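Visitor: Take this structure, written in structure tokens, and hold onto it; I'll ask about it next.
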Amino acid sequence: MENKTKPNGSATLSVGGKSLDLPVLSGSVGPDVIDVKSLYAQTGMFTLDPGFTSTASCESQITYIDGDEGVLLYRGYPIDQLADNSSFLEVCYLLLNGELPNAAELDEYTNTITHHTMLHTQFDRFFEGYRRDAHPMAVMVGTVGALSAFYHDSTDINDPMQRMIATHRLIAKMPTIAARAHKYSVGQPFVSPRNDLSYSENFLRMCFAVPAEDYEVNPVLAKAMDKIFILHADHEQNASTSTVRLAGSSGANPFACIAAGIACLWGPSHGGANEAALNMLREIGSVDKIPEYVKRAKDKDDPFRLMGFGHRVYKNYDPRAKVMQQTCHEVLDVLDKRDEPLLQVAMELEKIALEDEYFVSKKLYPNIDFYSGITLNALGFPTEMYTVLFALARTVGWIAQWEEMTTDPTQRIGRPRQVYTGATERNYVPLDKR
Ligand code: CMC
Numbered sequence: 069m070e071n072k073t074k075p076n077g078s079a080t081l082s083v084g085g086k087s088l089d090l091p092v093l094s095g096s097v098g099p100d101v102i103d104v105k106s107l108y109a110q111t112g113m114f115t116l117d118p119g120f121t122s123t124a125s126c127e128s129q130i131t132y133i134d135g136d137e138g139v140l141l142y143r144g145y146p147i148d149q150l151a152d153n154s155s156f157l158e159v160c161y162l163l164l165n166g167e168l169p170n171a172a173e174l175d176e177y178t179n180t181i182t183h184h185t186m187l188h189t190q191f192d193r194f195f196e197g198y199r200r201d202a203h204p205m206a207v208m209v210g211t212v213g214a215l216s217a218f219y220h221d222s223t224d225i226n227d228p229m230q231r232m233i234a235t236h237r238l239i240a241k242m243p244t245i246a247a248r249a250h251k252y253s254v255g256q257p258f259v260s261p262r263n264d265l266s267y268s269e270n271f272l273r274m275c276f277a278v279p280a281e282d283y284e285v286n287p288v289l290a291k292a293m294d295k296i297f298i299l300h301a302d303h304e305q306n307a308s309t310s311t312v313r314l315a316g317s318s319g320a321n322p323f324a325c326i327a328a329g330i331a332c333l334w335g336p337s338h339g340g341a342n343e344a345a346l347n348m349l350r351e352i353g354s355v356d357k358i359p360e361y362v363k364r365a366k367d368k369d370d371p372f373r374l375m376g377f378g379h380r381v382y383k384n385y386d387p388r389a390k391v392m393q394q395t396c397h398e399v400l401d402v403l404d405k406r407d408e409p410l411l412q413v414a415m416e417l418e419k420i421a422l423e424d425e426y427f428v429s430k431k432l433y434p435n436i437d438f439y440s441g442i443t444l445n446a447l448g449f450p451t452e453m454y455t456v457l458f459a460l461a462r463t464v465g466w467i468a469q470w471e472e473m474t475t476d477p478t479q480r481i482g483r484p485r486q487v488y489t490g491a492t493e494r495n496y497v498p499l500d501k502r
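The following block contains the structure:
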């Protein structure tokens, strides 16, 4: 990656009686940054920013978010335009290469991905090692990490060609692994990929076909699946992406780095929120119970939060949530489930929360996870699979960010510091004296 930040003056910091000029840098759009790289050398002090609320960890050219305006761009293209007009593999190509493919490039790319979807037969034994009631995200963390055992010798991260093959393998094999995680949890035989189907059609079939009956792929549902993948494909330096970058900064095997990203994604504050949001809607159950839950969400002494609401960056409606809400209606329409009680609860909850002073003043809006659970539920996925689908789609973002980091000339191993508040040096006390 070619570094492109431009100098834009300096910021003066007064500390310990000294005045220090720190360079200010501009990107192509978005807030400027103060370059504090030299701070420690010049002052012997670190900056403290737990949760990274004011810290840019890298320069990137992949995804841009304007949280106040509710804007999300992949390589400059608005997310709603991509969701309406492109396919997931087109978006993968865009994220990885920086430009939309022409027809020949897209054909070639689709063909390459399609021909990497199978797993080594030995790979299936990893699934058998899990308890049959294992959470599919636990299965994903382990099995995706296990890919590194199959491709370690052929993944020289200094060779662009080998890195590219690793990205193809990850994007192609993720649906096969995710579908197997589902099949394993429901006790059904694995279904092999088929090359005559699109990425999303193939995934739905691998999840829902059984030996006794093939799965007839409904084009509206396949399109909805593809849109859901597009919406989740990347989201700049979120927790799991930063995890992948940090793991990769040591030069670790990329398949293992993606497994680290999956582990981070699992938590309910991040990718696990889609599962938590649907469980919450089920718990609320009916429109008349909503005020009780809204009251709990506002109570400082109650840890309950409205899942699928709020975001670290978006202080406006999450642009992905808008598309997801529309997709949700399309799926429920085609499945004749317009009266789905969960949708009624969600729509009423959204209405009440958007008018409530607590949510308005804290700028808490529905995020992507609010409507994704209802949609995935209608598509036939059990709740445990929701975060798996997020991981499947986010793999392209993780690997594109990993690739960008690997080729960034300023890249160094990630190594944050701390402010230490523990015991100062003291002498060891022998066991019989304690
Ligand atoms: N319900 C009730 N109150 C909330 C909520 C919520 N969902 N989210 C934030 N708040 C309150 C919070 O209590 C705090 O209040 P106060 O200032 O009085 O202490 C204030 O809003 C700011 O919250 P925060 O936790 O400091 O904000 P954050 O930026 O650290 O957290 C978040 C962002 C997404 C973790 C949080 O909004 C949350 O827990 N939401 C529910 C989980 C969720 O839906 N996560 C999915 C995120 S989108 C998918 C993804 O990209 O991973």
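Remember, our numbering sits 68 above the position in the sequence shown when you count from 1. Note that CB positions come from ideal geometry on N, CA and C, so glycine has one too. This structure is a prediction, so every number in the text was calculated from the model and none was measured.
(1) How would you call LEU215, buried or exposed, if buried means at least 16 neighbouring beta carbons within 10 angstroms?
(2) Going by C-alpha to C-alpha distance, which of SER87, VAL104, ILE296, THR244 sits closest to GLN393?
(3) Return the residue from the list LYS72, LYS86, VAL92 that minimises the CA-CA distance to ALA79.
(4) Relative to the C-alpha of GLY448, which residue among GLU196, ARG364, LYS405, ASP437 is closest?
(5) Excluding the five sequence neighbours on either side, which residues of its own chain have a C-beta within less than 6 Å of the C-beta of TYR385, listed in chain order?
(6) The alpha helix (DSSP H) that contains ILE298, what's its start and end?
(7) So for VAL464, helix, strand or coil by DSSP?
(8) Roughly how many whole angstroms lie between the Cα atoms of ASP100 and VAL278?
(9) Are there 16 or more other CB atoms within 10 angstroms of the CB of ILE467, so buried, or fewer, so exposed?
(10) Check ALA79 in the structure and name its three-state DSSP category.
(11) If you measure between the beta carbons of GLU304 and THR131, is that distance less than 7 Å?
(12) Looking only at its chain, what residues have a beta carbon closer than 8 Å to the beta carbon of ALA435, apart from the 5 residues adjacent to it on each side?
(13) Quick one: is PRO118 buried, meaning 16 or more other Cβ sit within 10 Å of its Cβ, or exposed?
(14) For ALA206, I'd like the list of residues in its chain whose CB is within less than 6 Å of its CB, leaving aside the five on either flank, ordered along the chain.
(15) Pull every residue with its beta-carbon under 6 Å away from any heavy atom of the ligand CMC, and keep them in chain order.
(16) Mark GLU356 as exposed unless 16 or more other C-beta atoms lie within 10 angstroms of its C-beta, in which case mark it buried.
(17) What is the DSSP secondary structure of VAL209, counted as helix, strand or coil?
(18) Report buried or exposed for SER266, applying the criterion of at least 16 other Cβ atoms within 10 angstroms of its Cβ.
(19) Which of helix, strand or coil does DSSP assign to LEU403?
(20) Let me know the secondary structure DSSP gives THR111 once reduced to three states.
(21) State buried or exposed for PHE271, treating a residue as buried only when at least 16 other CB atoms are found within 10 Å of its CB.
(22) Less than 7 Å between the C-beta atoms of THR185 and THR244, yes or no?
(23) Which residue or residues does DSSP assign as beta-bridge partners of GLU284?
(24) Let me confirm a value: THR443 is counted as buried when at least 16 other C-beta atoms fall within 10 Å, else exposed. Which label applies?
(25) Taking THR235 as the reference, which of LEU460, ALA202, GLU452 has the closest Cα?
(26) Inspect the beta-carbon positions of SER268 and MET293 and report whether they are closer than 7 Å.
(27) Looking at the unbroken beta strand (DSSP E) that takes in PRO91, where does it start and where does it end?
(28) Does the distance from the CB of VAL209 to the CB of ALA320 come in under 7 Å?
(29) What residue from MET473, ARG462, TYR488, GLU418 has the CA that sits closest to LEU238's CA?
(30) Could you spell out where the alpha helix (DSSP H) holding ASP201 opens and where it closes?
(31) By DSSP's criteria, LEU141 is part of a beta bridge. Which residues make up the other side?
(32) Can you name the residues that DSSP bridges to VAL101?
(33) Looking at GLN469 and THR309, is the spacing between their C-beta atoms short of 7 Å?
(34) Taking the C-alpha atoms as reference points, what is the distance between CYS160 and ASP227?
(35) Could you tell me the distance, in whole angstroms, from the CA atom of LEU400 to the CA atom of GLU127?
(36) Could you check if LEU374 is buried or exposed, using at least 16 other CB atoms within 10 Å of its CB as the buried criterion?
Guide: Reading it off the structure:
(1) buried
(2) ILE296
(3) VAL92
(4) LYS405
(5) GLY138, TYR433
(6) 287–300
(7) helix
(8) 54 Å
(9) buried
(10) strand
(11) yes
(12) The amino acid occupying residue 435 in the given sequence is Asn; Ala does not appear at that position. Only ALA341, GLY376, PHE377, GLY378, HIS379, TYR382, ASP386, ARG388, ALA389 meet the Cβ criterion.
(13) exposed
(14) none
(15) HIS303, ASN306, SER337, HIS338, GLY339, ALA341, ALA365, ARG373, LEU374, MET375, GLY376, PHE377, GLY378, HIS379, ARG380, LYS430, LEU432, ASN435, ILE436, ASP437
(16) Note that residue 356 is Asp in the sequence shown here, rather than Glu. Classification for ASP356: exposed.
(17) helix
(18) buried
(19) coil
(20) helix
(21) buried
(22) yes
(23) DSSP lists no partner for GLU284.
(24) buried
(25) LEU460
(26) yes
(27) 86–94
(28) no
(29) ARG462
(30) It is not in any alpha helix (DSSP H) - ASP201 carries neither H nor E in the DSSP assignment.
(31) TYR132, PRO146
(32) LEU93
(33) yes
(34) 21 Å
(35) 41 Å
(36) buried
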